[in-house]
Structures are given as structure tokens and as C-alpha cells.
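Protein chains: 2
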Amino acid sequence: MSLKKSWVASANNPSHPFPLNNLPYGVFSTADSDPRCGVAIGDMILDLQAAEAEGLVQLNDEPLFEMPYWNEVMEEGPAVWAALRDRLTALLAEEAPEQAKTELLLVPIAEAEMHLPVAVSEYTDFYAGRHHATNVGTMFRGAENALPPNWLHIPIGYNGRASSVVVSGTDIRRPWGQLKGPNDDAPRWAPSARFDIELEMGAIVGTPSDGPITVQEADDHIFGYVLLNDWSARDIQAWEYQPLGPFQAKATATSISPWIVTKAALDPFRCDTPVRDVELLDHLKDCGPMLYDIDLEVTMAPKGKAASTIARTNYKEMYYSAAQQLAHHTTSGCPMTPGDLLGSGTISGPTKDSRGSLLELSWGGKEPLTLETGDERTFIADGDILTLKGAAMGNGYTIGFGDCTGTVLPALQDPFKR
Amino acid sequence: MSLKKSWVASANNPSHPFPLNNLPYGVFSTADSDPRCGVAIGDMILDLQAAEAEGLVQLNDEPLFEMPYWNEVMEEGPAVWAALRDRLTALLAEEAPEQAKTELLLVPIAEAEMHLPVAVSEYTDFYAGRHHATNVGTMFRGAENALPPNWLHIPIGYNGRASSVVVSGTDIRRPWGQLKGPNDDAPRWAPSARFDIELEMGAIVGTPSDGPITVQEADDHIFGYVLLNDWSARDIQAWEYQPLGPFQAKATATSISPWIVTKAALDPFRCDTPVRDVELLDHLKDCGPMLYDIDLEVTMAPKGKAASTIARTNYKEMYYSAAQQLAHHTTSGCPMTPGDLLGSGTISGPTKDSRGSLLELSWGGKEPLTLETGDERTFIADGDILTLKGAAMGNGYTIGFGDCTGTVLPALQDPFKR
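From first to last, the protein sequence lines stand for chains C and E.
Mapping to UniProt numbering: the first sequence position 32 is 32, numbers consecutive.
Mapping to UniProt numbering: the second sequence position 217 is 217, numbers consecutive.
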């Protein structure tokens with residue numbers, strides 16, 4: 001696979017995140033238009049509501065682009081997904097006969113405001129990165145008991161809050177919560193002092209299911225991927241999470257990147273999960289390469305200052321693929337719906353500079369980071385801008401995700417005085 | 001408060017669950033009609049879609065009853081909720097001037113099929129019954145460490161799966177799962193052998209919120225209550241739940257009773273939470289009676305046999321009210337939406353025959369129950385019908401919930417052979 005050329009010139013730059021090979025799906029608005037579906041090509045967005053209205057995209061008897069989210073397309077299933085991608089590729093390729101008509105429906109990305117690309121039906125967060133689980137387990141239980149006994153047998157996950165999912169660029173308000181340190185006599189009500197990120201990929205389920213599905217079926221049901229930052233209040237979590245798991249610690253916000261990168265665009269970057277220490281039970285066994293080679297990066301910028309890279313890692317570091325997570329999610333008969341969002345779990349690599357959370361990077365707050373600006377950090381300070389970046393590097397082209405960013409605002413003065 | 005008389009004669013029986021004092025809201029269909037909103041009165045349902053079309057109920061410029069769920073009404077807020085109840089009371093009271101017109105829009109409950117009354121946006125399950133938490137904690141950690149350290153300070157909860165919520169009467173398929181007993185060398189893939197119920201109340205959030213709310217505001221946001229059975233696979237749970245909480249063990253199904261009993265109908269039965277061992281932090285403190293005196297019962301019927309009562313308890317046994325749970329749910333800024341369903345947690349009383357789960361009733365499977373039919377049970381056997389019943393007992397009238405029932409079907413032969 002090499003760069004496919006488009007008549008949108010900016011898309012032909014080998015380092016541009018949105019070449020014709022990518023065609024990521026988002027929802028945008030402009031000063032003149034309400035939110036609607038669009039596809040990115042170079043520095044431009046093709047307005048798909050308009051393209052459908054003009055007859056340039058016509059896949060079904062029913063319109064697909066009347067709603068400001070991608071769920072309607074997702075529900076149509078893989079044959080329509082493939083037909084849509086083929087049609088968009090044909091419209092946007094060099095020497096496309098419809099170039100003149102299509103050109104009229106382009107909007108500069110610079111003039112667009114991005115919205116959530118999908119109506120998130122439910123959100124599940126996994127804990128499926130071995131380096132992350134080992135780091136966290138070592139901090140809390142010691143190196144010998146780092147991985148829980150079930151960890152190598154099941155992709156451990158918990159249900160999160162769909163209502164907390166926001167699009168990149170949304171400001172994040174530092175939460176209050178009930179906190180109790182190990183040396184405190186009693187809990188107190190205070191703003192979180194250990195507010196953190198988690199670098200994750202989000203898999204978006206397109207096809208519904210109503211009973212157990214295989215790993216292969218699960219892979220077929222996934223529509224695409226986004227970057228995902230699972231904002232986490234470590235001090236709230238420490239006090240609340242036993243015995244039933246994280247709850248308010250993870251409910252403030254979950255940011256996702258605005259563009260859904262489709263499985264088709266990522267296909268050349270498929271790779272295998274790591275070698276298994278313990279054989280998985282049949283229903284969770286790998287049946288093909290279902291992880292992806294995607295370079296990931298986290299940057300942190302103190303208010304008004306330049307951004308420093310604080311971590312670099314890769315999605316292929318995960319122990320379980322999103323397909324394995326989705327298959328496990330259905331084992332009990334749990335119905336899955338279009339718009340289900342599955343967070344991969346924090347993606348850390350084996351080295352210190354590849355850790356996907358400040359909890360790990362500062363080793364529980366004991367080893368502050370020094371940013372390039374000279375600022376020291378353990379956890380997030382008010383005003384900090386945290387950004388996730390992701391790209392799969394092809395032969396002469398890039399499949400980029402668009403940034404997943406958020407600025408952390410100070411906690412409310414007192415949330416119960418209004 | 002005493003019995004309010006209706007021209008629907010069956011509603012005037014002091015033991016009928018649906019007198020004029022109740023007016024519970026559901027969604028029903030008949031052989032001749034698609035699912036639509038209705039209100040129960042005695043043995044009948046008033047078709048509210050038809051009543052609105054006929055001009056008998058007209059609260060807004062916009063129609064409220066075009067959709068087959070109550071979310072549209074819920075979003076309107078407390079003033080519309082009160083106006084609707086007033087109008088329905090006027091239409092159905094003895095000597096109502098519109099009796100003749102209204103009578104034409106009644107459908108016998110016996111001819112109706114019930115559907116989910118609400119589009120469940122998200123589902124949260126709490127663990128807020130002290131007797132239940134003490135029983136389970138004693139079984140797993142011993143009597144001295146029964147309650148986790150945070151339990152008396154926070155209503156502990158976790159996010160469940162909205163997609164798993166089904167209406168009473170829906171058959172429940174025994175799930176498969178990954179199981180590993182304490183003496184097993186490795187996990188195996190098998191049907192759950194410890195499939196259980198949890199007797200709970202469900203609170204339905206009507207008013208959205210987008211930041212922390214007080215306990216009083218939370219009470220104001222609640223639209224009504226249902227009975228809720230949180231079907232639980234104890235063996236799946238035991239292996240999966242550390243460290244992030246229950247996941248597939250709780251995702252097979254959650255049954256709710258078909259009628260939403262409004263907060264207004266329950267108002268005469270408000271009561272206080274129990275005396276506190278430990279003072280709650282200000283934002284969670286009680287500010288009025290927000291539990292309810294509701295008698296609860298669980299019956300179990302082996303296939304083709306009579307039902308035996310296996311537990312009797314009362315909603316007032318809870319340590320935290322739904323209002324406290326909802327307030328806690330918003331502390332981190334978590335947005336709540338119309339259709340959020342909050343399970344109370346299992347409601348057990350202090351005595352052995354008041355325990356709301358088979359786990360407790362059979363003390364972890366060690367003390368089988370003998371049903372009135374002579375059958376012995378630890379957990380659920382295939383074909384068993386489990387039913388929750390609930391009623392608040394007024395002075396000469398009853399506020400009933402309608403049963404919450406489900407038949408457990410045998411596990412699929414092999415869910416991956418299709």
C-alpha cells in the first residue's frame with residue numbers, strides 16, 4: 001500500500017494525517033451550518049449531508065446523513081461501510097469525474113467546529129495493557145502480586161458513563177470528591193489533588209449483537225477507532241473503588257478525538273497480540289492480527305507555555321485486542337448496540353518514557369516529571385493542556401487520528417453554593 | 001390520605017394495586033395497537049396517546065405521548081408531572097364529567113402486553129443495603145471486616161449495562177462465563193451454576209443535571225420507582241470482579257416491573273433512613289424522609305409447580321436513599337440524563353427470611369432452602385420462575401407495583417456453535 005493521490009492537494013503530503021488512504025469520519029459545524037457528518041481529506045472536510053442531498057453519495061433508499069452522528073451508517077453494517085468508502089475514494093481521487101461538483105461541498109477544517117462523531121450508547125473501559133497493569137499493581141500490591149490472578153485469562157473491564165464522553169477540545173473541570181488518604185482519620189470533601197490522564201484507544205461498535213459472539217465476529221462488528229483520554233481522579237478512586245470498582249473517579253469526563261479512523265484505513269497496520277504466557281480459553285483465542293501498529297504520544301503544556309512530550313508508546317503494546325474485549329463483553333449474553341465505545345485500557349510500553357498515565361510516569365507522585373519548560377509535575381495542575389496524538393506510519397503516507405486534547409480548569413469554588 | 005374513589009369500579013377495592021391514588025405509568029400494546037404510553041386504573045389501562053389525540057389530556061403545545069416511552073414526559077420536569085397527575089385524577093375520579101369520553105379509551109390490562117416504560121439511558125447499581133453488605137462481607141471476608149471501610153461514608157455503586165434492562169415477563173437465559181473455583185487450577189468456560197436474583201428498587205431519573213446536585217435536588221429529579229431484579233451470576237462474579245468490579249456477572253439481564261410508580265403516589269409512605277453510626281459529610285446528609293415504606297416479597301416457582309415465598313422485606317431497610325445515591329452520582333460532575341436507572345442495591349432485612357438474594361438465603365450455597373413444594377434450592381434451577389412483588393399499604397388502599405417476574409431458561413448448548 002502506498003499513498004493514494006487526491007485532487008485535494010494538501011492530502012498528498014506524506015506527513016498529512018488525512019490522505020485519501022485515511023478518510024476519517026467526523027461531525028462538524030460551521031458559522032453557517034448545523035452539525036452534520038463529514039469526511040476529512042487533507043485540510044478540508046467533505047460535507048456528506050450536502051453530498052447526499054446533491055446525489056453524489058447515494059447508498060440506500062433511506063438517507064444516511066440526516067442526523068448529526070454516524071450511528072445511522074454504523075447500523076447499516078460492513079457492506080454499506082465498504083460501499084461508502086469506495087464511493088468517497090472515487091469522488092476524491094485524482095482525476096475524479098465529479099471533482100467540480102464535489103469541490104463545492106468542501107469546507108476548510110480550520111473553519112469547522114468538531115462535535116462528537118457518534119451518539120455514544122454505552123461506554124466500557126478495559127484494563128488490558130500489561131505494562132500498565134503491572135506498573136499499577138506493583139505500586140499498590142508489590143511486584144510479586146502485580147497482576148491479578150484473572151488478568152492473563154480475561155480482558156478485565158468495567159462499565160463507564162456514556163454521558164461523560166466529550167469531544168476533543170472540551171474543557172475539563174477538575175472534580176470534587178470524597179477523599180481519604182491512608183493516614184487520614186476520616187474522609188473529607190475536596191477537589192481532587194491527583195487528577196490524571198489515561199492514554200487509550202477507543203473502539204466503536206457498529207453492528208449490534210444480542211448474544212455471545214466470536215472474536216472474529218467481534219472484529220467484524222467494530223466500525224473504527226478513536227484516541228481516548230480516560231480522565232481519572234486517583235485520590236477519589238483510591239477511596240471508592242473497593243469492592244465494586246471505579247465510579248466517580250472516572251465519571252468527570254472521557255475525551256475522544258473527533259475523527260473515527262475506520263478499520264479499513266487501519267487494515268495495513270494490523271499486527272498480532274504479544275506472545276501469551278498462558279493459553280487463552282477457546283472463545284477468547286486470537287484468530288488473526290487484530291491489534292494495530294499505531295504510534296501514540298502524550299504532550300503536556302502548562303498554561304500559556306509550550307507543550308512537552310511526556311510519553312511515547314504504541315497501540316501494539318496491548319495484551320488484548322478490541323475484538324477480544326468485545327467478544328468477552330458479550331459472553332454473558334450482554335446486548336451490544338451501535339455506538340458502544342470500548343476503551344482499550346491505558347497503553348504503556350516497557351520503558352519509563354512510554355507510560356500512558358501520570359500515575360505511572362511519576363510513580364504514584366513520588367518521582368516528579370520535569371517538563372521542557374522547567375515546570376515540575378506529578379499530577380495535572382490547573383490550566384494544563386493534555387493532548388494525545390496518534391498516527392500509523394505507512395509507506396509514504398500517514399494515517400493520523402487528529403489530536404485528542406483538553407484543558408483542565410480549576411475546580412468549582414464550592415459546587416453546592418449556587 | 002385514604003382511598004380516592006374512581007368510576008372504574010375495580011380500582012376501589014382496598015387491596016387492588018392500582019387505585020386512583022396510584023396511577024402508575026407504563027407502555028403497552030394490544031392486538032390492535034403498537035406500543036404506547038398508558039396509565040393503570042384498576043383492571044384497566046387508559047390509552048394516553050389516544051387521550052392526547054382526543055384532547056382529553058393537553059399539557060403542552062408539543063405532544064407528550066407520541067413515543068412509546070415516558071422519557072418525553074420525564075424531561076418536562078416536576079411542574080408538568082404534577083399537572084399530568086392532577087388531570088388524570090380529575091378524568092378518572094368518581095363523577096368525572098368526561099367519564100363517557102374517557103371510558104372509550106380504556107383497555108383491559110388482561111388484553112395488554114407490557115413493554116419497558118422508559119428508554120433506559122444508563123443503568124447504575126448500588127450496594128446500599130447494610131444487611132446485604134454485612135451478609136455478603138461476612139461470607140467473603142469474615143464478620144469483623146464485613147463492611148468495607150468506605151461503606152458508611154459513600155453509597156457504593158458501579159455502572160451497569162442499560163442494554164441489559166428488560167421488562168418483567170421477559171425470559172432470562174442462563175449465561176455462560178469464565179469460571180474458576182477456589183480449588184480449580186485454571187478457569188473454564190461453562191454455564192453459570194450459581195445464578196441468582198437481587199431484590200432491588202429502581203429509581204428513575206427524570207430531570208437532567210450537568211454538575212453536582214444536592215440531596216434535595218436529587219430527590220426532586222427522581223420521577224418514580226420500579227421493582228428491579230439484578231440477575232447475578234455469582235460464580236462469574238467471583239472470578240472476574242477483582243480489581244474493577246462486576247462486569248459480565250451482571251450483564252445478562254436486569255428485569256424491571258412494567259409500571260413506574262410516581263414519587264407523588266409514594267409520598268404518604270416516605271420514611272427516614274436508619275440512624276447513622278458515622279455522620280455523613282454535608283453533601284450526602286439526609287434532609288428529609290426520602291426512603292419509602294414499601295413491603296417487598298420474593299417468590300420462587302419450580303417449573304410447573306406452585307410459587308413459594310422465599311423472602312419478605314421492606315425498602316425502608318436501606319441505609320441510603322435513592323436521592324443520596326443520585327447526589328453522590330453527580331459529585332464528580334457526571335452528567336445525568338432522563339432515563340437514568342439507579343438500582344438501590346439488594347434489600348435484605350435483619351432476619352434470615354428477609355434476605356433479598358439466594359446467595360444470602362442459602363448462605364453461599366451451604367444451607368439449601370426447602371420450598372413449599374418440597375423442592376430444595378441453593379441457586380436458581382432451569383425453569384424456575386422468580387417474582388418480586390411490592391406494595392405500600394395505605395389506610396384502606398394499596399399502592400402496588402405490579403410483579404417483576406422472569407423464567408430462567410437453560411443455558412444455550414454451546415453459544416459459539418451457530
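A virtual CB, placed ideally from N, CA and C, is assigned to each residue, including glycine.
On a predicted model such as this, the values are computed, not experimentally measured, just so you know.
Between glycine 356 of chain C and proline 212 of chain C, the C-beta gap is not smaller than 8 Å, which leaves the two residues out of contact. Counting only the Cα atoms, glycine 245 of chain C lies some 7 Å from tyrosine 158 of chain C. If you draw a straight line from the Cα of lysine 316 of chain C to the Cα of cysteine 271 of chain C, it comes to about 7 Å. Runs of the beta strand (DSSP E) lying entirely within the segment 207 to 274 of chain C, each at least 3 residues long, are 222 to 230 and 254 to 256 in chain order.
The residues Ser168, Val226, Leu227, Phe401, Gly402 and Cys404, in chain order, have a CB closer than 6 Å to that of serine 257 of chain E in the same chain once the five nearest residues on each side in sequence are set aside.
With a minimum length of 4 residues, the unbroken runs of alpha helix (DSSP H) contained wholly in the segment 318 to 376 of chain E fall at 322 to 329 and 358 to 361. Secondary structure remark: continuous beta strand (DSSP E) runs of at least 3 residues inside the segment 275 to 317 of chain C, in chain order: 295 to 301 and 308 to 314. According to the DSSP assignment, histidine 115 of chain E belongs to the beta strand (DSSP E) that extends over 113 to 115.
Nearest CB-CB separation between serine 163 of chain C and chain E: below the 8 Å threshold.
Cβ neighbours of lysine 5 of chain E within its own chain (closer than 6 Å, five residues either side excluded): Asn12 and Glu94.
Lysine 101 of chain C carries a helical assignment under DSSP once its states are collapsed to helix, strand and coil.
Any Cβ of chain C closer than 8 Å to the Cβ of asparagine 159 of chain E would place that residue at the interface, and such an atom is present.
Burial is judged here by how many other beta carbons sit within 10 angstroms of a residue's own beta carbon; lysine 303 of chain C has fewer than 16 and is exposed. Phenylalanine 140 of chain C sits in a helix when the DSSP states are folded into three classes.
Identification of chain E residues near cysteine 334 of chain C by a Cβ-Cβ cut-off of 8 Å yields Arg161, Ser163, Ser164, Gln248, Ala251 and Thr252, ordered along the chain. Looking at the backbone, the Cα of alanine 411 of chain E and that of isoleucine 236 of chain E are separated by about 14 Å. A distance below 8 Å between beta-carbons, with the five flanking residues on each side excluded, links arginine 188 of chain E to the following residues of its chain, in chain order: Gln178, Leu179 and Lys180. Between arginine 174 of chain C and the set C/Pro117, C/Ala249 and C/Glu76, the nearest pair of CA atoms involves C/Ala249.
Taking 8 Å as the threshold, the shortest C-beta distance from tyrosine 127 of chain E to chain C falls below it. Excluding the 5 residues flanking it on each side, threonine 252 of chain E has same chain C-beta neighbours closer than 6 Å at Pro175 and Trp231, in chain order. Per DSSP, reduced to three states, the secondary structure at isoleucine 172 of chain C is strand.
Cβ neighbours of aspartate 196 of chain C within its own chain (closer than 6 Å, five residues either side excluded): Ser232, Arg234, Ser357, Leu358, Leu359 and Phe379. Residue environment analysis places valine 120 of chain C among the buried positions, since at least 16 neighbouring C-beta atoms fall within 10 angstroms of its C-beta. At a cut-off of 8 Å between C-beta atoms, threonine 170 of chain E does not count as an interface residue with respect to chain C.
For methionine 393 of chain E, no alpha helix (DSSP H) run applies; the uninterrupted beta strand (DSSP E) run containing it begins and ends at 385 to 393, by DSSP. Only residues of its own chain outside the window of five on either side were considered, and among them Thr134, Gly137 and Thr138 have a CB closer than 6 Å to the CB of alanine 146 of chain E, listed in chain order. Just so you know, the alpha carbons of glutamine 99 of chain C and leucine 342 of chain C end up roughly 37 Å apart. Annotation for leucine 147 of chain E: no beta strand (DSSP E) segment contains it, and DSSP assigns it neither H nor E. As the crow flies, the alpha-carbon of phenylalanine 140 of chain E is around 43 Å from that of asparagine 71 of chain C. Along the segment 181 to 192 of chain C, the positions whose C-beta sits under 9 Å from a C-beta of chain E are Ala186, Pro187, Arg188, Trp189 and Ser192, read in chain order. The beta carbon of arginine 173 of chain C falls within 8 Å of a beta carbon belonging to chain E, placing the residue at that interface. When the beta-carbon positions are compared, valine 166 of chain E and serine 255 of chain E come within less than 8 Å of each other.
Here the alpha carbons of glutamate 62 of chain E and tyrosine 69 of chain E stand approximately 16 Å from one another.
DSSP, reduced to helix, strand and coil, places aspartate 196 of chain E within a strand of the structure shown. Residue pairing from DSSP places aspartate 47 of chain C in a beta bridge opposite C/Gly38. With respect to phenylalanine 65 of chain C, arginine 36 of chain C sits close: the two C-beta atoms are nearer than 8 Å.
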